[in-house]
Each structure stands twice: as structure tokens, then as C-alpha cells.
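For reference, the structure is listed below as C-alpha cells.
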């Protein structure tokens, strides 16, 4: 699969189940209430066990709904990953705000991962499922913003995996990673 080096981090594309990734942190494409009922959020919550939803509910009770540009951190439960960073991507509306909101989700995730002093993470194709963001556009924005963030920050992150559950998303992530140069 496609790989690129950006600053101190190796970026790669993985086709498979994000819940089985051997990384420190999994990024979750969440909704504002961290109610993990569908898509990648449901898969992560199921694989992590009830503690993922319980900790998410506690986070929302303490902090209110999760907004754009913010991240919530919970434990990984039964996952290999020790933490889950939850971010809210935009519901696609073909508005100029869609891209900036998606970029803010990626940046918020990386800020949170960096704050955890984690070295590796896995990103899904945020907003490209039930939120309707076109896969090619979403993956391009996610990869570009991750690379931009890595170039601009001194962090412990050495490995970023872009994880696709299907071939079309994997190909879109691979095309985006292939566009990177350092």
C-alpha cells in the first residue's frame, strides 16, 4: 500500500478494520453527543466494549456536546489502542464550511493525540460515511491536513495510518498520500 514520510512520521494506507489496528490511538468519527450508534463509531464502540460508550456519556455529561474543532478522549476499552480520540466531522452540505470543519476535526484529533504523547494513530475517512462527504474529497482533505499539521508541530507522532474499510476508500486514501512530498 501507499506510504509517505512527513516530518518524523510515516503515513500509510491500510485496508481493513480500524478496531484491529495496532496503534496507540484510534480516531473516531463521532457525532456531537458521542452516541456511537452507526458507522465507524458503532464498530469502535462494539469492539472496545461498554466502557467506550460509558466514558463517552460521562464526557458529554461533564462537557456538553462535542463541537467542531474539539476532541474528546476516552479509554480504548478492549481495543489494542489505549485511547480513542473522538472528533466531529461535518455533515456534507456542499458548503465552503465543509472543508474547514473537516480540517478542524483532523487538527483537533492530532492535537489530542500529541497531548497524550502517543506515537501512533489510525484515522478513518471522517464524514465520508453516514455524514455523506464524498470519499475522494474527504480523504484528500484528511491526508492534506494531517501532513500540514505534522509539518507545523513538533510531536511524538511517528506513525499515522489512514484506515479504509473498503477498496474505494483505500484507493482514495492512497491517491491522497501519493500526492504528498516532504
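Numbering (the working numbering), first residue to last: 299 to 480. By construction, the Cβ of each residue, glycine as well, lies at the ideal position given by its N, Cα and C atoms.
Cβ pair residue i, residue j closer than 8 Å
i, j, result
"residue 411", "residue 342", "no"
"residue 301", "residue 310", "yes"
"residue 421", "residue 460", "yes"
"residue 365", "residue 386", "yes"
"residue 375", "residue 350", "yes"
"residue 447", "residue 408", "yes"
"residue 335", "residue 377", "no"
"residue 354", "residue 380", "no"
"residue 308", "residue 457", "yes"
"residue 466", "residue 433", "yes"
"residue 389", "residue 430", "yes"
"residue 332", "residue 370", "yes"
"residue 425", "residue 328", "no"
Extent of the continuous alpha helix (DSSP H) to which residue i belongs
i, result
"residue 446", "433-450"
"residue 467", "465-476"
"residue 341", "337-346"
Continuous beta strand (DSSP E) stretch holding residue i: start and end
i, result
"residue 405", "It is not in any beta strand (DSSP E) - residue 405 instead sits in the alpha helix (DSSP H) that spans 394-413."
"residue 418", "418-421"
"residue 389", "Where residue 389 is concerned, there is no enclosing beta strand (DSSP E), given that its DSSP letter is neither H nor E."
"residue 314", "Careful: residue 314 lies outside any beta strand (DSSP E) and carries neither H nor E."
"residue 326", "323-328"
"residue 366", "No beta strand (DSSP E) contains residue 366, which DSSP labels as neither H nor E."
"residue 245", "The question about residue 245 has no answer, for the chain in this structure spans 299 to 480."
"residue 333", "Premise fails: residue 333 is in no beta strand (DSSP E) and is neither H nor E."
"residue 428", "That residue, residue 428, is in no beta strand (DSSP E); it is neither H nor E in DSSP."
"residue 379", "Premise fails: residue 379 is in no beta strand (DSSP E) and is neither H nor E."
Cβ-based burial, residue i [other Cβ within 10 Å; buried from 16]
i, result
"residue 480", "Caution is warranted here: a pLDDT of 45 is assigned to residue 480, below 50, making its placement in the model unreliable, and the coordinate value is therefore given only provisionally. By the neighbour-count rule (16 or more Cβ atoms within 10 Å), residue 480 is not buried but exposed."
"residue 391", "exposed"
"residue 396", "buried"
"residue 451", "exposed"
"residue 471", "buried"
"residue 306", "exposed"
"residue 477", "exposed"
"residue 443", "buried"
"residue 393", "exposed"
"residue 382", "buried"
For residue j and residue i, believed in contact at Cβ under 8 Å, the rounded distance
i, j, result
"residue 313", "residue 418", "About 18 Å separates the two Cβ atoms, so there is no contact after all."
query = Would you call the region 413-421 and the region 310-323 in contact, with 3 or more CB pairs under 8 Å?
reply = yes
query = Are the region 425-439 and the region 386-406 touching by the rule of at least three beta carbon pairs closer than 8 Å?
reply = yes
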